[in-house]
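Here the structure is laid out as structure tokens; the discussion comes afterwards.
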Amino acid sequence: MLNKFLPVNLSRTGAIALSGLSLTGFFWVIPSESLKAQGPLSIPQTQPGAELEFLPPEPPNPTFPENTIPPTGYSPPVYSPNNSQSRQIQAYRLDIGDQITVSVPDFPEFNSAGPVDPDGNFLVPILGRIPVIGLTLDEVQTKIRLELGRKYLREEPEVIAVLTSARPVQLTILGEVQRPGFYNIAPNTSLAQVLLAAGGGTPRADLRSIVVRRVLVDGTVLEEKLDLYTPLIKGDRLPDLRLQGGDAVIVSKLEVGQETGYNRTLVARTTLAQQNITIRVLAPLVPSGIALRNVSLPSGSTFLDVVASLPVSDRLRINVNEVSLLRFDSAKGGIVSQTLSPIAAVRGDISQNVPLEDQDVIIVTRTLLGEIFAAFNIITQPIRDITSFTNTILNLSNQLDNFQ
Numbered sequence: 001m002l003n004k005f006l007p008v009n010l011s012r013t014g015a016i017a018l019s020g021l022s023l024t025g026f027f028w029v030i031p032s033e034s035l036k037a038q039g040p041l042s043i044p045q046t047q048p049g050a051e052l053e054f055l056p057p058e059p060p061n062p063t064f065p066e067n068t069i070p071p072t073g074y075s076p077p078v079y080s081p082n083n084s085q086s087r088q089i090q091a092y093r094l095d096i097g098d099q100i101t102v103s104v105p106d107f108p109e110f111n112s113a114g115p116v117d118p119d120g121n122f123l124v125p126i127l128g129r130i131p132v133i134g135l136t137l138d139e140v141q142t143k144i145r146l147e148l149g150r151k152y153l154r155e156e157p158e159v160i161a162v163l164t165s166a167r168p169v170q171l172t173i174l175g176e177v178q179r180p181g182f183y184n185i186a187p188n189t190s191l192a193q194v195l196l197a198a199g200g201g202t203p204r205a206d207l208r209s210i211v212v213r214r215v216l217v218d219g220t221v222l223e224e225k226l227d228l229y230t231p232l233i234k235g236d237r238l239p240d241l242r243l244q245g246g247d248a249v250i251v252s253k254l255e256v257g258q259e260t261g262y263n264r265t266l267v268a269r270t271t272l273a274q275q276n277i278t279i280r281v282l283a284p285l286v287p288s289g290i291a292l293r294n295v296s297l298p299s300g301s302t303f304l305d306v307v308a309s310l311p312v313s314d315r316l317r318i319n320v321n322e323v324s325l326l327r328f329d330s331a332k333g334g335i336v337s338q339t340l341s342p343i344a345a346v347r348g349d350i351s352q353n354v355p356l357e358d359q360d361v362i363i364v365t366r367t368l369l370g371e372i373f374a375a376f377n378i379i380t381q382p383i384r385d386i387t388s389f390t391n392t393i394l395n396l397s398n399q400l401d402n403f404q
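Okay, structure coming up:
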């Protein structure tokens with residue numbers, strides 16, 4: 001107990017000694033000149049029984065910010081369509097079958113590697129099963145970091161999540177493709193390869209507008225419009241978008257008035273279009289009757305290509321001055337016709353050597369063409385699409401088989 005502090009003036013040594021203190025090894029030496037200038041020192045006395053005051057201890061650094069409730073889990077940020085800095089559709093989102101590795105550099109006991117199980121969880125040692133379905137790798141890192149900081153560690157540790165093996169992808173291909181439907185593709189398959197798997201685009205496909213639609217776990221719908229036409233024209237790099245399971249790929253239709261600047265002939269010769277087209281040739285036979293020839297040609301073929309493909313031994317009676325092309329125009333919703341001259345086409349008239357489209361019909365002789373149009377006029381069921389047009393041509397060819 002501190003009782004009393006008595007100053008003792010030591011003029012010869014120039015020092016102050018404090019009595020009443022058991023301070024071993026402490027001795028303060030002060031010059032005597034300073035003591036004379038300042039006068040005698042006095043030390044305040046402490047009353048018996050007085051309590052000493054202490055500064056309040058500093059609170060420890062909280063794991064979570066003040067006035068906040070520690071989170072019970074982590075939810076992905078709400079998607080905002082106006083957030084141009086982060087393209088949500090580019091992020092890979094985990095689902096059942098993905099293989100990931102999680103490492104905590106300072107705490108290896110939490111390291112783990114394995115699949116996302118059928119319940120959508122990933123197993124972390126000690127921490128347990130963590131729901132990760134629908135999350136990105138960054139969101140998985142954040143979630144595990146928060147959980148470890150809340151339950152086991154004073155501070156949130158560094159967490160690294162890596163996708164080691166992606167799940168197989170099943171997606172839907174719709175719109176202007178030859179074989180729309182469901183497709184199972186390998187991870188990292190490009191959009192161009194997906195188009196090829198569906199048989200390529202139809203002659204009415206608009207490769208400038210291919211929409212990839214994705215539905216997130218919370219019901220949010222993301223869409224991205226991609227352009228495959230410009231890379232074909234300018235040699236640019238194809239758009240980089242990683243397709244994921246559940247995506248829908250929709251190839252838009254080339255609408256009326258949108259053909260300006262769109263080279264359909266060039267597209268027809270690329271690998272992104274339908275690889276083969278079927279042309280039907282309806283012509284008289286020698287000596288009588290009519291014949292329907294189905295000619296398969298590479299996409300992008302012209303009128304002269306189909307003429308050259310007919311065998312010399314064929315008994316078709318072809319009048320080179322009486323050839324017509326019939327086509328169902330989906331934009332106009334009806335049948336259009338054009339008279340063609342094989343001789344002019346051979347002489348280099350490109351207006352006569354027209355590019356052909358799938359299911360085009362070439363009719364030889366004006367008489368036969370008249371019979372076809374007469375039959376169209378008496379058909380009670382309207383021709384509204386390419387399928388009904390094709391079926392009508394097939395039926396008429398059978399009905400006109402007795403044509404002389």
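Residue 210 in UniProt numbering sits at position 210 of the sequence shown; the count goes up by one each step and never skips. The C-beta atom is built at its ideal place from N, Cα and C for all residues, glycine as well. Keep in mind it's a predicted model, so treat the numbers as computed, not measured.
Could you check where the beta strand (DSSP E) with Pro131 kicks off and where it finishes? Residue numbering aside, residue 131 sits at position 131 when the sequence shown is read from its first letter. Per DSSP, Pro131 belongs to the beta strand (DSSP E) from 128-131.
Simplified DSSP assignment, three categories, for Pro115: Mapped onto the sequence shown, residue 115 falls at position 115. In the three-state DSSP reduction, Pro115 falls in the strand class (E or B).
Decide yes or no for the touch test of the region 164-179 against the region 232-251: beta carbon pairs closer than 8 angstroms, at least 3 of them. Because the criterion of three Cβ pairs below 8 angstroms is met, the region 164-179 and the region 232-251 touch.
Pick out whichever of Val116, Gly97, Leu195, Arg208 has its Cα sitting closest to the Cα of Lys253. Here residue 253 is taken as the residue at index 253 of the sequence shown, counted from 1. Comparing Cα positions, the closest option is Arg208.
Taking 8 angstroms as the CB-CB cut-off, is Ala268 touching chain B? In summary, chain B is missing from the structure at hand, where a single protein chain is found.
Quick one: measure Cβ to Cβ for Glu357 and Ile277, integer angstroms, because I've assumed they're closer than 8 angstroms. As a first step, residue 357 must be located in the sequence shown, where it is residue number 357. As a first step, residue 277 must be located in the sequence shown, where it is residue number 277. Taking a contact as a CB-CB distance under 8 angstroms, the pair Glu357 and Ile277 counts as one, their CB atoms being some 7 angstroms apart.
Looking only at C-alpha atoms, which of Thr101, Glu255, Arg145, Gly134 sits nearest to Ser165? One-based indexing of the sequence shown puts residue 165 at position 165. Ranking Thr101, Glu255, Arg145, Gly134 by Cα distance to Ser165 puts Thr101 first.
Going along the chain, which residues of its own chain have a beta-carbon closer than 7 angstroms to the beta-carbon of Val124, five neighbours each way excluded? Here residue 124 refers to the residue found at position 124 when the sequence shown is read from its first residue. Residues Val102, Phe110, Ser112, Ile130, Ile144 of the same chain have their beta carbon placed closer than 7 angstroms to that of Val124, with the five preceding and five following residues left out of the count.
Determine the burial state of Phe303: buried for a count of at least 16 other Cβ atoms within 10 Å of its Cβ, exposed for fewer. One-based indexing of the sequence shown puts residue 303 at position 303. Label assigned to Phe303: buried.
Own chain residues within Cβ distance below 8 angstroms of Phe107, not counting five before or after: On the sequence shown, position 107 is the one that residue 107 refers to. So the list reads Leu148, Leu153, Pro157, once near-sequence residues are dropped.
What residue range does the alpha helix (DSSP H) around Thr189 cover? As a first step, residue 189 must be located in the sequence shown, where it is residue number 189. Thr189: not part of any alpha helix (DSSP H); DSSP gives it neither H nor E.
Can you list, in chain order, the residues of its chain with a C-beta nearer than 7 angstroms to that of residue 405? Leave out the 5 residues immediately preceding and following it. This structure leaves residue 405 out entirely; the chain is present only between 1 and 404.
Coarse secondary structure for Ile89, derived from DSSP in three states: The sequence position of residue 89 within the sequence shown is 89, counting from 1. Under the three-state reduction of DSSP output, Ile89 falls in the helix class.
Gln141: first and last residue of the uninterrupted alpha helix (DSSP H) it sits in: For the purposes of this step, residue 141 is identified with residue 141 of the sequence shown, where counting begins at 1. Counting along the chain, the alpha helix (DSSP H) containing Gln141 begins and ends at 137-151.
Going by the CB atoms, is the gap between Val323 and Val306 shorter than 8 angstroms? Stepping through the sequence shown from its first residue, residue 306 is reached at position 306. Stepping through the sequence shown from its first residue, residue 323 is reached at position 323. Contact: no.
So, Ile89 versus Val211, is the Cβ gap smaller than 8 angstroms? The residue labelled residue 89 in the question sits at position 89 within the sequence shown. The residue labelled residue 211 in the question sits at position 211 within the sequence shown. No, the pair does not count as a contact, with Cβ atoms beyond the cut-off.
Return the chain-ordered list of same chain residues with a C-beta closer than 7 angstroms to the C-beta of Ala273, the five sequence neighbours on each side being excluded. Indexing the sequence shown from 1 puts residue 273 at position 273. Exclusion of the five residues before and after Ala273 leaves Gly200, Gly201, Val267, Ser299 as the residues of its chain whose Cβ lies within less than 7 angstroms of its Cβ.
Ends of the beta strand (DSSP E) at Lys225? The count along the sequence shown starts at 1 and reaches residue 225 at position 225. Segment 221-226, the beta strand (DSSP E) holding Lys225.
Excluding the five sequence neighbours on either side, which residues of its own chain have a C-beta within less than 8 angstroms of the C-beta of Asp98, listed in chain order? The count along the sequence shown starts at 1 and reaches residue 98 at position 98. Non-local C-beta neighbours of Asp98 in its own chain, meaning closer than 8 angstroms and more than five positions away in sequence, comprise Pro115, Val116, Leu163, Ser165, Ala166, Arg167, ordered along the chain.
When DSSP labels each residue in this structure, what does Ala166 get in the three-state scheme? Against the sequence shown, residue 166 aligns to sequence position 166. Here Ala166 sits in coil by DSSP.
According to DSSP, is Asn391 part of a helix, a strand, or is it coil? On the sequence shown, position 391 is the one that residue 391 refers to. Correct three-state label for Asn391: helix.
What are the complete alpha helix (DSSP H) segments, minimum 4 residues, inside the region 225-258? Listed in chain order, they are 229-234.
In the DSSP output, what is Leu297 paired with across the bridge? As a working mapping, residue 297 is identified with position 297 in the sequence shown. DSSP lists Ile277 as partners of Leu297.
Specify, as a first and last residue, the run of the alpha helix (DSSP H) that Ser103 falls within. The sequence position of residue 103 within the sequence shown is 103, counting from 1. It is not in any alpha helix (DSSP H) - Ser103 instead sits in the beta strand (DSSP E) that spans 99-103.
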